[in-house]
Amino acid sequence: MWIIDIYSLVMAGLLLPMGALGDRIGFKRLAILGSSVFGLASLLAALAFSVTSLVAARAFLAVGAAMILPATLSALRHTFTEEKERNFALGIWSAVGTVGAAMGPLVGGFLMEYFYWGSVFLINLPIVLLVLIVTVFLMPNQPKKPEKTWKIRQALVLISAILLLVYAAKNGIRSNSIPYVTLVIAFIGASLLFLFVRYQLIVTTPMIDFRILNQREIAVGIVMALVAMITLVGFELLLTQELQLVLGKTPLEAGLFLLPLMIASGVSGPIAGRLVTIFGLRLVASLGIFLSAISFMILAYTDFSHQTILAWTGMALLGFSVEASMLASTAAIMTSVPKEKSGAAGALEGMAYELGAGIGVAIFGLLLSGTYVATIVLPAELPIDMIVQARASISETVQVVQKLDNDVGVQLLHASRVAFSSSHNLVLGIASSILLALAVIIWFILPKRLRSQIPHAS
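Our numbering applies: residue 304 is where the sequence shown begins, and numbers increase by one.
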């Protein structure tokens, strides 16, 4: 899981200081630098010789990505000054990002099936080259503010706190973990996080400008981005495991199964941008979250092995509604923030997205693992030396099954599928309940329209 988690968690901690760095050197330079770092890190990841080196390369990838995201958002904010045009541009931007993320399993599955595993990183190189050329010639220059401070040390404290807390949470559910070690790690992480937040509240120029969060539109937008990413990425983790480990699909087949989610996400962005302009933020935001909750409820009780059409319908609804919610959150943030703080606001939103992705993997992983361990019924004939591994997770159970050639293996495989289905129902049910509550809160907190959407009297 750390190969997945490290990217989002490191990127979440670096987005804000990279936004400040963009203010200092100009966001066009930041985009060029970030793309170059991303390309180099992709090459290093493809050449990784161990799990540790791959995790390190993924962390380096996050450094480059943390530069790119605030640079692109700032470019949009400075290029599209009209609210209608900006909403449409944000819809395109959001759709491209979501489709790119959704296509990952499909493209990655194809490359993994027909080429060596490093090809999933090497494919980034020609894309990065194209991005560099387009950035140099087409991206507008933005004013530099060399007086801005670059608070990289504060970012490192935040990243350390997040990683320690996630590590403690993951380590705590392991059967062979040492409780007091887990508690010490959690205490250190929580202490670092407390000190970070306290420091931000007392300094005059904090890394995270909490004054921006005083505007309820921005605060709600951040929460929407965070929760939407937690649920979406968590669902992708759950579905990927179910398709490959329970249903026995190849990586490519699993990626193809996700096509409705990808297509719906790509279509939703531009449409949602228009809907925000026509109907206002509150309706689009709350309805998007509400439909996401409904889709999770549908998917919670769908048998993916037999009810394929129902599964695809729920996934399409999820892709469309989550993308609409993300666009609404971006519109709330970028429309409400002063122009001179667009970089910081974009970085703050990006931090919410990436932190949500990292937390989504951690939370859904913990819920799945905890429920699976509690519900799996192991065959009485299972050898004692295999019990711990068989109970750890469904992937570990499958490895044990491959070592057994008798009826015990068949019974164990059936038990694992039953346990994972129970975990599936519980986790998606919890996600649906959270989203329903969030939809109600958004409806009552957000104004019908943003300030910039309210027509002025002539």
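Glycine included, each C-beta is placed from N, C-alpha and C at the ideal position.
Member of the options whose CA lies at the smallest distance from the CA of residue i
{"i": "A627", "options": "G551, A665, S422 and I395", "result": "I395"}
{"i": "V469", "options": "V530, G659, L729 and Q544", "result": "G659"}
{"i": "F499", "options": "A349, I465 and I744", "result": "I465"}
{"i": "P429", "options": "T485, F341 and G492", "result": "F341"}
{"i": "P688", "options": "V703, I697 and A458", "result": "Correcting the residue identity first, residue 688 is Asp in this sequence and not Pro. Comparing Cα positions, the closest option is V703."}
{"i": "A344", "options": "A374, Y310 and G322", "result": "Y310"}
{"i": "A489", "options": "K473, I597 and T611", "result": "K473"}
{"i": "T633", "options": "A603, V579 and S719", "result": "V579"}
{"i": "G583", "options": "I690, Q445 and I745", "result": "I745"}
{"i": "A575", "options": "R389, A557 and L435", "result": "R389"}
{"i": "L364", "options": "I307, H717, F413 and V399", "result": "I307"}
{"i": "L550", "options": "T382, S608, A374 and V506", "result": "S608"}
{"i": "V366", "options": "A471, E539 and L459", "result": "L459"}
{"i": "E556", "options": "M406, I511 and T508", "result": "M406"}
{"i": "L546", "options": "G492, T605, I491 and L516", "result": "T605"}
{"i": "A374", "options": "G412, I581, F330 and G492", "result": "F330"}
{"i": "Y301", "options": "Q544, V484, E539 and F413", "result": "Because the chain spans 304 through 761 in this model, residue 301 falls outside it and cannot be assessed."}
{"i": "I581", "options": "A493, A631 and E539", "result": "A631"}
{"i": "M527", "options": "E657, D710, S353 and L731", "result": "E657"}
{"i": "S568", "options": "A349, V399, A522 and I662", "result": "V399"}
{"i": "W420", "options": "T485, S353, L433 and A362", "result": "S353"}
Unbroken alpha helix (DSSP H) run spanning residue i, endpoints
{"i": "G551", "result": "Where G551 is concerned, there is no enclosing alpha helix (DSSP H), given that its DSSP letter is neither H nor E."}
{"i": "M637", "result": "T611 to S639"}
{"i": "G337", "result": "F330 to A349"}
{"i": "V713", "result": "D710 to I748"}
{"i": "S422", "result": "S422 to L425"}
{"i": "A374", "result": "V354 to T382"}
{"i": "T798", "result": "Lying outside 304 to 761, the shown extent of the chain, residue 798 is not represented and no answer is given."}
{"i": "A592", "result": "Residue 592 is actually Ile in this sequence, not Ala. Segment L584 to A603, the alpha helix (DSSP H) holding I592."}
{"i": "M527", "result": "R519 to Q544"}
{"i": "S698", "result": "I697 to K706"}
Cβ separation of residue i and residue j, assumed to be a contact under 8 angstroms, to the nearest whole Å
{"i": "M442", "j": "A378", "result": "6 angstroms"}
{"i": "L685", "j": "A695", "result": "The pair is not a contact, with the Cβ atoms about 13 angstroms apart (cut-off 8 angstroms)."}
{"i": "L409", "j": "L535", "result": "No, L409 and L535 are not in contact; Cβ-Cβ is about 16 angstroms, not under 8 angstroms."}
{"i": "A603", "j": "N444", "result": "The Cβ separation is near 49 angstroms, so there is no contact."}
{"i": "M266", "j": "R380", "result": "What the structure shows of the chain is the stretch from 304 to 761, and residue 266 is not part of that stretch, so it cannot be assessed."}
{"i": "A360", "j": "A368", "result": "No, A360 and A368 are not in contact; Cβ-Cβ is about 13 angstroms, not under 8 angstroms."}
{"i": "S726", "j": "L669", "result": "Going by Cβ atoms, the distance from S726 to L669 rounds to 11 angstroms, so no, they are not a contact pair."}
{"i": "G492", "j": "V664", "result": "So it is not a contact: roughly 17 angstroms between Cβ atoms."}
{"i": "I511", "j": "L651", "result": "7 angstroms"}
{"i": "G558", "j": "F413", "result": "7 angstroms"}
Distance CB(residue i)-CB(residue j) smaller than 9 angstroms
{"i": "H629", "j": "M532", "result": "The amino acid at residue 629 is misidentified as His; the sequence shows Met. Their beta carbons are under 9 angstroms apart, which means M629 touches M532 by this criterion."}
{"i": "L749", "j": "R585", "result": "yes"}
{"i": "L333", "j": "L324", "result": "yes"}
{"i": "G653", "j": "L376", "result": "yes"}
{"i": "K454", "j": "P320", "result": "yes"}
{"i": "G622", "j": "P563", "result": "yes"}
{"i": "T678", "j": "A734", "result": "no"}
{"i": "F667", "j": "L495", "result": "no"}
{"i": "I525", "j": "A655", "result": "yes"}
{"i": "S598", "j": "L620", "result": "yes"}
{"i": "I592", "j": "S571", "result": "no"}
{"i": "T700", "j": "S724", "result": "no"}
{"i": "V640", "j": "Q457", "result": "no"}
{"i": "S338", "j": "L425", "result": "no"}
{"i": "L347", "j": "M370", "result": "no"}
{"i": "L763", "j": "I690", "result": "Only positions 304 to 761 of the chain appear in the structure, and residue 763 is not among them; the question remains open."}
{"i": "S589", "j": "V743", "result": "yes"}
{"i": "L715", "j": "L681", "result": "yes"}
{"i": "I737", "j": "V530", "result": "yes"}
{"i": "L372", "j": "M314", "result": "yes"}
{"i": "A349", "j": "I521", "result": "no"}
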